[in-house]
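Be aware that the sequence shown starts at 205, since it is given in my numbering, and climbs by one per residue. Glycine included, every Cβ here is placed at the ideal spot set by N, Cα and C.
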Amino acid sequence: MKFLVLVAIIAVALAEEDLEKAIADPQKLQSLVDCFLDRAPCSPAPAKLKEITPKAVASNCANCTPAQKHIANLFFTKLQENLPQEYNNFVQKYDPKAEYMDSFLKSVQGA
Numbered sequence: 205m206k207f208l209v210l211v212a213i214i215a216v217a218l219a220e221e222d223l224e225k226a227i228a229d230p231q232k233l234q235s236l237v238d239c240f241l242d243r244a245p246c247s248p249a250p251a252k253l254k255e256i257t258p259k260a261v262a263s264n265c266a267n268c269t270p271a272q273k274h275i276a277n278l279f280f281t282k283l284q285e286n287l288p289q290e291y292n293n294f295v296q297k298y299d300p301k302a303e304y305m306d307s308f309l310k311s312v313q314g315a
C-alpha cells in the first residue's frame, strides 16, 4: 500500500514537472491553451486541470494544492506575457462576466 502511495506521489510530481516544461515552451503553451479552450484534445495532466478550472477560478483556488497554485501562477504569467489574446480568450471562457479572475490571480500569485 505504501508503495502505491509513493508511486502516485511520483507520478503527480512528474506530471507537474512536465507541465512546467510545457508552459515554458511557447508551442507547448499554445497546445495547453488549445486544450483549455476546447480546440484540441488534452493529455491526462492538462485534462485534470481543465476539469477543475471553472471551480478553481470561481473559488479563488480554495481547494487547490500548493502545486496546483504554482502551476496556475506560472501558466497565467506566461500566458499574459507571451499570448495576451489567448489570455483574453481564456478569461472569456472561464470568467465571461469578469467576476473572479482578478481575485483568482491574486490567490495563486507567488505560489
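Could you tell me whether the Cβ atoms of residue i and residue j are closer together than 9 Å?
i	j	result
F280	Y291	yes
V312	C268	yes
L287	I227	no
L283	A249	no
C265	K252	no
F240	K254	yes
Y298	V237	no
State the DSSP-derived secondary structure class of residue i, mapped to helix, strand or coil.
i	result
P172	No statement about residue 172 is possible, as the shown extent of the chain runs from 205 to 315 and does not include it.
D222	helix
D299	coil
N264	coil
L241	coil
T257	helix
Following the continuous alpha helix (DSSP H) through residue i, name the residue where it begins and the one where it ends.
i	result
D306	M305 to V312
Do we get a CB-CB distance below 9 Å when we pair residue i with the residues of chain D?
i	result
C265	The structure shown contains no chain D; it holds only a single protein chain.
Note to self: Which runs of the alpha helix (DSSP H) at least 4 residues long sit entirely within the region 271 to 299? Give them in chain order.
What the structure shows: 288 to 298
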